[in-house]
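Peer 1: Under my numbering, think of the first position of the sequence shown as 1170, with each following residue one higher.
Before we start, here is the structure in question, set down as structure tokens.
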Amino acid sequence: MSSDRVQSRLRDIIDNAESIAEYLGGMGWDQFNRDRMCGDAVERCLQRIIEAVIQIGEAETTRVGLAVPWVELRGLGNRLRHEYGRIDRRAIYDIATMDAPRPAAAAAQALED
């Protein structure tokens, strides 16, 4: 993958993580659980982050310092695409609030290096 393409995917990760933070805006679980539109937007941003990481690829994510749990990442991506009716909203909230910021920080660091 070209360096420009990797940089573009890294920016996609950052942009979508920032969108998640903006959509949640400090929202707690109860409010998130009641707000279907926010939930849908957050899920879509998570899908984009996952797709960007997958497009970068395992070797390149290692080279740029993105520590990625590949099995779990691919599993979540598959569930979001194919089993969306059975997605646990609490899991989405937890991933969005606790896990999404980490790859964004690593992507930002990779762009600075």
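From the three backbone atoms N, C-alpha and C, an ideal C-beta is built for every residue, glycine too.
1. Name the residue from Ile-1264, Gly-1234, Pro-1272, Thr-1231 whose alpha carbon lies nearest to the alpha carbon of Phe-1201.
2. How long is the line joining the alpha carbons of Ala-1190 and Ala-1228, rounded to whole angstroms?
3. Alpha carbon to alpha carbon, what distance is there between Pro-1272 and Leu-1215?
4. Which whole-angstrom value is the C-beta distance of Gly-1246 and Ile-1219, which I expect to be below 8 Å?
5. Taking the alpha-carbon positions, what's the Ala-1260 to Asp-1184 distance?
6. Does the beta-carbon of Ala-1269 have 16 or more other beta-carbons within 10 angstroms, so that it is buried, or is it exposed?
7. Given a cut-off of 8 Å on the beta-carbon distance, is the pair Ile-1256 and Val-1222 in contact?
8. By Cβ distance, which residues of its chain are closer than 8 Å to Glu-1212, with the 5 residues on each side in sequence left out?
9. Roughly how many whole angstroms lie between the Cα atoms of His-1251 and Pro-1238?
10. Output the distance between the C-alpha atoms of Gly-1197 and Thr-1266, rounded to the nearest integer angstrom.
11. Helix or strand or just coil, what does DSSP make of Gly-1194?
Peer 2: Walking through what the data contain:
1. If you number the sequence shown from 1, residue 1201 lands on position 32. Measuring from the Cα of Phe-1201, the nearest candidate turns out to be Ile-1264.
2. One-based indexing of the sequence shown puts residue 1190 at position 21. One-based indexing of the sequence shown puts residue 1228 at position 59. So the two alpha carbons sit approximately 28 Å from each other.
3. Within the sequence shown, numbered from 1, the residue matching residue 1215 stands at position 46. Within the sequence shown, numbered from 1, the residue matching residue 1272 stands at position 103. Straight-line Cα distance between these residues: approximately 11 Å.
4. Position 77 of the sequence shown, counted from the start, is the residue given in the question as residue 1246. Position 50 of the sequence shown, counted from the start, is the residue given in the question as residue 1219. Right, their Cβ atoms sit about 4 Å apart.
5. The count along the sequence shown starts at 1 and reaches residue 1260 at position 91. The count along the sequence shown starts at 1 and reaches residue 1184 at position 15. Using only the alpha carbons, I get a separation of about 21 Å.
6. The residue you call residue 1269 lines up with position 100 of the sequence shown. When all chains shown are included, Ala-1269 counts as buried.
7. Taking the sequence shown and counting its residues from 1, the one referred to as residue 1256 is at position 87. Taking the sequence shown and counting its residues from 1, the one referred to as residue 1222 is at position 53. Their beta carbons are not under 8 Å apart, which means Ile-1256 does not touch Val-1222 by this criterion.
8. In the sequence shown, residue 1212 corresponds to position 43, counting from 1. Closer than 8 Å at Cβ, skipping near neighbours: Leu-1249, Tyr-1253, Ile-1256, Ile-1261.
9. As a position in the sequence shown, residue 1251 is number 82, starting the count at 1. As a position in the sequence shown, residue 1238 is number 69, starting the count at 1. When rounded, the distance between both Cα atoms is 20 Å.
10. Here residue 1197 refers to the residue found at position 28 when the sequence shown is read from its first residue. Here residue 1266 refers to the residue found at position 97 when the sequence shown is read from its first residue. Straight-line Cα distance between these residues: approximately 10 Å.
11. Taking the first residue of the sequence shown as 1, we reach residue 1194 at position 25. Three-state result, Gly-1194: coil.
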